[in-house]
Each structure stands twice: as structure tokens, then as C-alpha cells.
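Residue numbers (the working numbering), protein chains in the order written: chain A, 678 to 838; chain B, 678 to 838.
There are 2 protein chains.
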Amino acid sequence: MNNELLIKMITDKWQGQLIATNKIFDNLSDEELMHEVSPGRNRGIYLLGHLTAVHDLMLPLLRFEEAKYPELQPLFLHLPDKTADAIPSALQLRQQWKDVNETLLNHIKNLPADDWFTRHSNISEEDFIKESHRNRLNVLLDRTIHLSNHRGQLILLKKTI
Amino acid sequence: MNNELLIKMITDKWQGQLIATNKIFDNLSDEELMHEVSPGRNRGIYLLGHLTAVHDLMLPLLRFEEAKYPELQPLFLHLPDKTADAIPSALQLRQQWKDVNETLLNHIKNLPADDWFTRHSNISEEDFIKESHRNRLNVLLDRTIHLSNHRGQLILLKKTI
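Set out below in C-alpha cells:
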């Protein structure tokens with residue numbers, strides 16, 4: 678088994694989940710995004726902000742570059758939905774979501790195969806020697822699973838006919 | 678990068694998602710399982726049956742053994758929720774879910790590393806030569822992402838306080 682094939686397996690899943698999630702977002706109006714996925718739970722717009730903040734943080738975690746929208750972190754990672762004084766508009770979040778994922782994809786496509794198996798930024802070089810599964814490819818795998826989790830919730834926003 | 682490490686990365690995610698999902702199921706009463714994850718959508722018990730049927734089908738797909746509960750397939754794969762005349766009880770489905778996952782885990786633990794990169798049962802030997810990413814490890818990866826998707830919905834059944 679060569680490394681390229683394994684990287685393809687995982688990056689294909691990442692892109693597949695992104696395409697499926699974008700299909701949902703594109704089919705939801707800004708007004709529909711303001712609804713809760715289930716009574717009393719997160720609104721679509723909060724999940725959009727949350728996913729954008731999480732993917733933005735992948736940029737430094739994968740040692741690509743600094744986060745582009747760090748101001749999203751307190752709003753969508755530290756605070757629960759419906760507790761912040763104000764959050765960005767759906768229009769702005771949709772643009773940031775697109776921008777972050779395009780930036781990520783550019784880095785992902787250009788990372789040499791061997792570099793995927795080097796450490797991510799949240800583990801020291803010393804610890805990585807003992808825990809070599811905590812590599813950059815593992816981050817992409819984790820975030821793919823995370824995206825799928827919230828995609829399962831976002832699909833509930835679409836009205837059943 | 679050795680194959681063992683990559684297999685560990687993916688089988689760890691599989692087990693992690695199963696543990697997290699079982700934590701939700703164990704915390705839901707049989708009565709709570711009868712609720713819909715969001716108004717008009719699937720009930721918890723349907724998702725339990727659906728996941729059991731999908732995981733049961735992994736047994737032949739991974740070329741481990743025959744499906745143990747093929748009678749679940751028409752009810753939870755071919756029919757939408759609330760359309761079958763009758764479905765098994767929560768008690769029975771909980772037992773089948775546990776049994777299927779234990780059976781799978783036994784096979785997963787014992788599969789030699791190289792065998793993970795051989796074809797799954799839905800692709801011919803000829804096609805596999807051209808599409809070697811369609812291997813058994815890829816099935817486990819897909820089903821991990823699938824499980825996460827429905828876990829995101831099941832968590833909505835738990836009453837918020």
C-alpha cells in the first residue's frame with residue numbers, strides 16, 4: 678500500500694463531505710438557516726459559523742497558515758447558540774465558509790505525501806515520536822467525521838414535502 | 678508510514694464513533710427512542726434499526742461472513758420510517774445492534790494488515806486492479822462517517838435541560 682493511495686482515500690472523503698454539506702447550505706435560504714435543527718437545539722446559522730470556525734482553525738493545526746477569521750472562535754466555539762449579543766450575517770458567514778474551505782483545499786492539494794504523516798501543531802516533536810498516529814492526516818480524518826456529524830443535523834432544516 | 682499505523686488510525690475512529698453512539702443509546706429510554714429526532718423526521722428506533730442493518734451488511738461486504746439479521750434490510754433500508762406494518766421492539770434491536778458490532782469488532786481485530794487493502798465484496802477483481810482505493814479499509818472509513826452522520830441526529834433525542 679503506498680501512501681498516495683491512503684491520502685487519496687481520506688482526502689476524497691473530506692471533499693465528498695464538503696460537497697454534500699454545501700449542497701445542503703446552497704438549498705437553504707438565509708431565513709431557513711435561522712431555524713433550529715430540532716426544537717431548542719442549534720440553529721443552522723450557528724452550525725455554519727461553528728463549522729467555519731473549526732475549519733479555519735485547521736489552517737494552523739495542519740501547519741498551513743494562521744486562522745483567517747479568529748473572531749469567529751468566541752462566537753461559535755466558546756459560546757453556545759443564542760447567547761452571543763450579535764453574530765455575523767448569513768451572507769458574511771457563507772462567504773467566510775467558502776473562503777476557508779478553498780484556502781484549505783489549496784494547501785491539501787499541494788502537501789507532499791510524506792508531509793501528511795508528520796505531526797500536527799498541537800503535539801510536540803517529543804510526544805510525536807511515541808504517538809505517530811497524531812499526524813496531519815489524522816486531523817483531516819477527524820474533521821471529516823466532525824463535518825458528517827453536523828451534516829446529519831443540517832439536513833433536518835430542509836422541509837420535508 | 679507503515680500500514681499498521683494507518684489501520685490503527687481508522688479502526689480507532691470506528692471504535693470511537695461506536696463508543697460515542699452507544700453512550701447516546703444507553704442514555705435513551707425505550708420510550709425516548711420512539712421520538713422523532715426533529716418534527717416529521719426519523720424516529721430514534723428507526724435509526725437504531727437502520728444502523729444495525731447497515732453494520733450487519735458490513736459482514737459480507739468486508740468478506741467476513743453472511744449478514745446475521747437480513748430481515749432488517751427491508752424494514753430499515755428499503756422502507757422509510759413509519760411505513761412498515763411492524764418493526765422489532767427496542768429491546769430486540771438493542772440486542773441485535775450489540776451483537777452485530779461485537780461480531781464485526783472480532784473480525785476487525787483479527788484481520789491481517791495486508792488484507793485491509795484487498796477488495797471489498799462489491800467490486801470485481803478486474804475492476805479492483807484499476808480502483809485499488811475501493812478496499813476493505815475504505816468500507817470501514819465510509820461506515821465510520823455514516824455512523825457519525827446519524828449520531829449527530831440521535832443526540833437531538835436527549836432532552837435539553
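Even glycine gets a Cβ: it sits at the ideal position worked out from N, Cα and C. Nothing here was measured: the structure is a model prediction, and the numbers come from that model.
CA-to-CA distance, residue 769(A) to residue 753(A), given in whole angstroms: 14 Å
Contact list for the stretch 697-729 of chain A against chain B, Cβ threshold 9 Å: 713, 714, 715, 716, 717 and 718
Alpha-carbon to alpha-carbon, residue 679(A) and residue 792(B): 14 Å
Please identify the residue among 725(B), 690(B), 803(B) and 714(B) whose C-alpha is closest to the C-alpha of residue 835(B). 714(B)
Check residue 720(A) in the structure and name its three-state DSSP category. strand
Kindly give me the distance between the Cβ atoms of residue 741(A) and residue 784(A), rounded to whole angstroms, as I take these residues to be in contact under 8 Å. 4 Å
What span of residues does the alpha helix (DSSP H) with residue 828(A) cover, start to end? 813-831
Would you say residue 825(B) reaches chain A, if we count a Cβ-Cβ gap shorter than 9 Å as a contact? yes
Could you have a look at residue 843(B) and say whether DSSP puts it in helix, strand or coil? As shown, chain B starts at 678 and ends at 838. That puts residue 843(B) outside it, with no answer to give.
Identify each residue in the stretch 682-695 of chain A for which the Cβ-Cβ distance to at least one residue of chain B is less than 8 Å, and report them in chain order. 682, 683, 685, 686, 687, 689, 690 and 694
With three or more C-beta pairs closer than 8 Å as the rule, is the stretch 705-725 of chain A touching the stretch 764-782 of chain A? yes
So does the stretch 804-812 of chain A actually touch the stretch 821-833 of chain A, counting three or more Cβ pairs closer than 8 Å? no
Residues of chain A with CB closer than 8 Å to the CB of residue 822(B), please, in chain order. 690, 694, 821, 822 and 825
Checking 9 Å against the spacing of the C-beta atoms, do residue 747(A) and residue 733(A) come in under that value? yes
Quick check: residue 682(A) and residue 810(B), are their CB atoms within less than 9 Å of each other? yes
DSSP three-state call for residue 796(B): helix, strand or coil? strand
Which residues in chain B have a C-beta closer than 8 Å to the C-beta of residue 815(A)? List them in chain order. 686
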